[in-house]
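Data block below; observations after.
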């Protein structure tokens, strides 16, 4: 039988420097791999976050296009622009008030003529059955009554900054057109209808597309106002890719003279 002597038991094993070198190297390799995994994991997180944002934007645009529920209105848009308009995230439709009882009637309480009332009915049909998210108008009766085509309560602002009169006798209007501009710019509401006058329609267009003089001139804004005969047009401001654009639907809700 093999016997282990006391001297052999007392002998200490020798661990060389090479062993410790390999151990240190192994530890470094493990740390390097762990660091690489950590960096890779962080990169994957960044990539997935970026991918989520891209997919989210695409999904949002697709959703907006799919839930566009104003097909009668969209049918008025030239085919080349319809896809961009459909995908826009916000829309502000500016209109001049419908025809009034007399071309010479410019008082705040001047009412719409029967032809003007028919124009409002036609505008309402074009806008579709779903109410707009907001409706703004100058405080004159003819603009307020036109803005009711949006199917929602109309917010009034002064017809001119120094004119506090409203449609009803004794009404006092504090809200300025500049307030309406600011509200419309800052709002997240998708659909807004604005009813104005021949000169103030052009103020809205200048506010939202100040650099697009070509589009404003095409809309008929010469010398800061529409022609006196320009009724029934829809001046469609839409935001695509963060930029406001303008398309004009000339005579879209005009009614022929009986």
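Residue numbers (this note's numbering): 13 to 270. For glycine and all other residues, C-beta sits at the position ideal for the given N, C-alpha and C. In this text, all values refer to a predicted model and were calculated from it rather than measured experimentally.
Terminal residues of the beta strand (DSSP E) in which residue 208 lies: 203-208
Buried or exposed by the 16-neighbour rule on C-beta atoms within 10 Å, applied to residue 240: Answer is exposed; the Cβ neighbour count stays below 16.
Beta-ladder partner(s) of residue 196, from DSSP: Beta-bridge pairing links residue 196 to no other residue.
Cβ neighbour criterion (16 or more within 10 Å) applied to residue 180: exposed
Residue 218 - DSSP class collapsed to helix/strand/coil: helix
Boundaries of the alpha helix (DSSP H) in which residue 92 is found, first to last residue: Going by DSSP, residue 92 is part of the alpha helix (DSSP H) stretching over 91-99.
Beta-bridge partners of residue 231, as assigned by DSSP: According to the DSSP secondary-structure assignment, residue 231 is paired through a beta bridge with no residue.
Residue burial classification, residue 226 (beta-carbon count within 10 angstroms, cutoff 16): exposed
Reference residue 139, options 189, 125, 193 and 87, closest by Cα: Checked all of 189, 125, 193 and 87; the closest Cα to residue 139 is 87.
Length of the line joining the Cα atoms of residue 4 and residue 81: Beyond the ends of the chain as shown, which are 13 and 270, falls residue 4; an answer cannot be given.
Inter-stretch contact (C-beta, 8 Å, three-pair minimum) for the stretch 250-260 and the stretch 114-132: no
Helix, strand or coil at residue 184 according to DSSP, with G and I counted as helix: strand
Endpoints, the beta strand (DSSP E) within which residue 136 is located: First-last for residue 136: 126-139, but that is the alpha helix (DSSP H), not the beta strand (DSSP E).
Run of the alpha helix (DSSP H) containing residue 108, from where it starts to where it stops: Premise fails: residue 108 lies in the beta strand (DSSP E), 102-108, not in any alpha helix (DSSP H).
Among 83, 91 and 97, the one whose alpha carbon lies nearest that of residue 256: 97
Where the alpha helix (DSSP H) containing residue 158 begins and where it ends: Unbroken alpha helix (DSSP H) run through residue 158: 153-159.
Closest Cα partner of residue 115 within the set 242, 263 and 156: 242
Contacts around residue 106, its chain only, beta-carbon distance under 6 Å, and the 5 residues preceding and following it disregarded: Here the set comprises 206, 213, 216 and 247.
DSSP three-state assignment for residue 303, whether helix, strand or coil: In this structure the chain extends from 13 to 270, so residue 303 is not present and cannot be described.
Assigned exposure category for residue 268 - 16 Cβ within 10 Å defines buried: exposed
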